[in-house]
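One structure is given here, and the rest of the page talks about it.
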Amino acid sequence: MFGNKKVEKRFTSTKLEGTDSGNLVSIITDTKTGVQYLSIGGGGVSTGGGVTVLVGADGKPLLNKDEG
Numbered sequence: 041m042f043g044n045k046k047v048e049k050r051f052t053s054t055k056l057e058g059t060d061s062g063n064l065v066s067i068i069t070d071t072k073t074g075v076q077y078l079s080i081g082g083g084g085v086s087t088g089g090g091v092t093v094l095v096g097a098d099g100k101p102l103l104n105k106d107e108g
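Have a look at this one:
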């Protein structure tokens, strides 16, 4: 009844890296549209973070050709 439905992940995270200041930086891809986002988050408690769309020189969102 419950838990039998397979749920596909909407977002995938790639290129996870840590910075010298302890922040985690990753590229998040929307698997339905292929749009890529830059995610920066603190490695510690209550340090904040953010997500923004990655755009090319033309101002259009960067697309992951393998997704979307």
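Note that my numbering has the sequence shown beginning at 41, numbered continuously upward.
Quick reminder that beta carbons are idealized off the backbone N, C-alpha and C, glycines included.
6 Å CB neighbourhood of residue i in its chain, flanking five on each side removed
i	result
residue 91	77, 79
residue 93	77, 101
According to DSSP, residues forming a beta bridge with residue i
i	result
residue 63	82
residue 56	None; residue 56 has no bridge partner.
residue 91	79
residue 70	51
residue 103	75
Rounded straight-line distance, which links the Cα of residue j to that of residue i
i	j	result
residue 66	residue 53	6 Å
residue 45	residue 70	21 Å
Cut-off 7 Å between Cβ atoms - residues of its own chain near residue i, not counting five sequence neighbours on either side
i	result
residue 88	82
residue 50	70, 71, 72
residue 55	66, 67
residue 104	69, 74, 76
Cβ shell of residue i (< 8 Å), same chain only, five flanking positions each side left out
i	result
residue 95	101, 102
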